[in-house]
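Colleague: Numbering (the working numbering), first residue to last: 1 to 468. For every residue, glycine included, the Cβ atom is placed at its ideal position computed from N, Cα and C. Below is a structure I'd like to ask you about.
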Ligand code: UD1
Ligand code: CA
């Protein structure tokens with residue numbers, strides 16, 4: 001349906017989200033690592049082109065706009081939020097040129113493109129003025145209820161909001177998802193008939209069902225296959241529940257593809273993460289953003305990996321933090337290693353206990369196993385970085401690079417003051433402070449010479465016993 005000019009999508013996203021008790025606009029709260037509104041836009045973009053998607057924004061409009069501007073959707077301002085019906089009134093000009101519109105709610109984020117398509121197909125086949133996507137969740141409380149003419153009929157009499165339900169209506173289990181299809185002409189013809197004569201003193205879009213029906217138009221309902229997909233996020237508890245649903249789905253998807261995840265309910269995995277078969281993920285691991293992990297890896301507990309590419313056969317031990325970095329096949333990381341952005345760990349390289357890297361490239365088989373900081377550094381193939389080595393990359397104003405060639409041995413507790421180069425095969429004595437380049441094959445020692453005074457201890461003891 002891409003580029004189909006007769007259909008637009010309107011996403012209602014102007015509300016404050018009072019029930020969240022938050023400074024942040026509701027639609028910018030995140031589940032699955034992404035704002036609610038971004039989820040809805042992603043689903044809508046599979047149905048119509050982004051240029052035909054209109055987000056109605058109002059509360060903290062600039063912030064909302066900035067967060068999703070890259071998606072290419074258009075914006076309609078609802079300066080004062082006077083209800084969902086008013087939101088559509090504000091979009092009047094935007095939608096006037098389209099024959100049909102689909103209305104989505106910015107706080108119903110799990111909706112899938114397939115279900116939007118299903119609503120759209122049903123709407124067309126029924127030739128209705130309004131089609132309501134409904135569901136029958138285990139707990140309908142809080143949602144508007146859909147009153148059908150009879151249980152088996154698609155025809156709808158009205159939608160009644162929770163607060164206005166009569167006791168018999170409270171037994172109705174079919175809820176309004178807040179997602180609709182409209183024929184634009186009848187919608188616009190009757191839109192101004194909405195009144196704020198209700199519990200919230202707002203213009204309810206839901207009242208269009210009764211209004212259109214009274215005007216002799218067809219109003220029908222279609223039930224979504226999965227009620228979980230149309231649940232709203234009005235409170236933090238509801239948000240967290242939707243987040244859990246998404247994470248569980250992500251873990252299931254990976255497990256179905258041959259990845260072992262122990263205690264998946266403790267892991268946080270973003271929707272776009274990819275992991276190859278035979279990789280094992282221990283409890284309490286987070287895989288975030290656009291992370292890619294190869295086959296036969298072991299990711300041990302309490303590790304967080306964000307936007308990284310990890311090869312095959314990699315071992316990442318407990319408690320590591322990896323961000324915007326790459327790790328080659330067969331590498332071993334951790335425990336407690338921190339790979340900061342721009343780290344490139346080569347094949348079979350080791351980055352061990354309490355090692356921090358930033359914009360550091362380690363060649364094949366290079367090792368930095370203990371208590372090291374490698375910032376703005378290059379370490380050639382097979383080089384060994386001793387315990388406690390530090391690249392001093394910052395002079396207080398600018399960052400400088402440390403270049404370490406292939407097969408270099410840097411003794412423990414050495415500091416390399418950048419910019420500095422250590423050429424292939426060189427040796428650095430332990431405890432050195434290296435400020436000058438070291439040529440290939442040389443030994444550099446930059447430390448105070450040791451003084452040894454034989455018998456000094458006994459002599460001092462003797463001195464201390466004899467008062468002066
Ligand atoms: C709405 C429906 C209810 C349905 C539920 C499904 C109405 C009156 N009720 O209730 O029948 O069961 O959704 O989730 O529509 N918004 C605006 N401008 C406004 C007010 C709201 O853009 O002036 C946006 C909100 O940001 C939100 C969406 O519309 O994304 C729904 O508003 P909300 O206040 O959450 O409606 P509900 O009470 O959940
Ligand atoms: Ca809602």
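Flag residue 376 as yes when its Cβ comes closer than 6 Å to any non-hydrogen atom of ligand 1, and as no otherwise.
Modeller: Not so, every heavy atom of ligand 1 lies at least 6 Å from the Cβ.
Colleague: State the beta-bridge partners of residue 133 as determined by DSSP.
Modeller: In DSSP, residue 133 forms a bridge with 179 and 222.
Colleague: So, do the region 41-51 and the region 163-173 have three or more beta carbon pairs nearer to each other than 8 Å?
Modeller: At 8 Å Cβ cutoff, the stretches do not touch.
Colleague: For ligand 3, is there a heavy atom less than 6 Å away from the beta-carbon of residue 107?
Modeller: Annotation note on ligand 3: not contained in the displayed structure, which lists ligand 1 and ligand 2 as its ligands.
Colleague: Looking at residue 234 and ligand 2, is the gap between the Cβ and the nearest heavy atom below 6 Å?
Modeller: True, at least one ligand heavy atom lies under 6 Å from that Cβ.
Colleague: Quick check: what's the CA-CA separation for residue 357 versus residue 344?
Modeller: Going from the Cα of residue 357 to the Cα of residue 344 covers about 9 Å.
Colleague: From which residue to which residue does the alpha helix (DSSP H) around residue 85 run?
Modeller: Element bounds for residue 85: 84-90.
Colleague: In angstroms with no decimal places, state the Cα-to-Cα distance between residue 401 and residue 454.
Modeller: If you take the alpha carbons of residue 401 and residue 454, they lie about 43 Å apart.
Colleague: Keeping to the same chain, check which residues put their C-beta closer than 7 Å to that of residue 445; ignore five residues upstream and five downstream.
Modeller: Excluding sequence neighbours, residue 445 sits near 429 and 432.
Colleague: Please classify residue 2 as buried or exposed, where buried requires at least 16 neighbouring CB atoms within 10 angstroms.
Modeller: With a pLDDT of 42 at residue 2, under the threshold of 50, the modelled position of that residue is not reliable, and the figure given next carries that caveat. Label assigned to residue 2: exposed.
Colleague: What is the DSSP secondary structure of residue 343, counted as helix, strand or coil?
Modeller: Coil, per DSSP.
Colleague: Count the other CB atoms, across all protein chains shown, that sit within 10 Å of the CB of residue 325; report buried if there are 16 or more and exposed otherwise.
Modeller: Its Cβ being crowded by 16 or more others within 10 Å, residue 325 is buried.
Colleague: Can you tell me whether residue 173 is helix, strand or coil according to DSSP?
Modeller: The answer is coil: DSSP assigns residue 173 none of H, G, I, E or B.
Colleague: Roughly how far, in whole angstroms, is the beta-carbon of residue 385 from the beta-carbon of residue 410, given that I think they are within contact range, below 8 Å?
Modeller: Contact flag correct, Cβ pair sits at about 5 Å.
Colleague: For residue 86, count neighbouring Cβ atoms within 10 angstroms of its own Cβ and tell me buried if that reaches 16, exposed if not.
Modeller: Answer is buried; the Cβ neighbour count reaches 16.
Colleague: Can you give the Cα-Cα distance for residue 75 and residue 68, rounded to whole angstroms?
Modeller: Spanning the two alpha carbons is a distance of roughly 10 Å.
Colleague: Once you ignore the five residues that flank residue 143 on each side, which residues in its own chain have a CB closer than 7 Å to its CB?
Modeller: These residues qualify, in order along the chain: 162, 175 and 176.
Colleague: Considering just the uninterrupted stretch of the alpha helix (DSSP H) at residue 200, what are its terminal residues?
Modeller: Segment: none, residue 200 is in no alpha helix (DSSP H) and carries neither H nor E.
Colleague: So what does DSSP say about residue 460, is it helix, strand or coil?
Modeller: Residue 460 falls in the helix class under three-state DSSP.
Colleague: So, at 7 Å on beta carbons, what are the nonlocal neighbours of residue 282 in its own chain, with the 5 sequence-adjacent residues on each side left out?
Modeller: Same-chain partners within the cutoff: 262, 299, 300 and 301.
Colleague: Of all the beta strand (DSSP E) runs that stay within the bounds of the region 233-306, which reach a length of 3 or more residues?
Modeller: 286-288 and 304-306, all fully within the region 233-306.
Colleague: Assign residue 216 to one of two classes, buried (16 or more other C-beta atoms within 10 Å of its C-beta) or exposed (fewer than that).
Modeller: Its Cβ having fewer than 16 others within 10 Å, residue 216 is exposed.
Colleague: From residue 109 to residue 232, what distance separates their C-alpha atoms?
Modeller: The alpha-carbon atoms of residue 109 and residue 232 are separated by roughly 7 Å.
Colleague: Report yes if the CB atom of residue 31 is closer than 7 Å to the CB atom of residue 192, and no otherwise.
Modeller: No; because the gap between Cβ atoms is not below 7 Å, this pair is not in contact.
Colleague: Check whether the Cβ of residue 12 sits closer than 6 Å to any heavy atom of ligand 1, and report yes or no.
Modeller: Within the cutoff, so yes.
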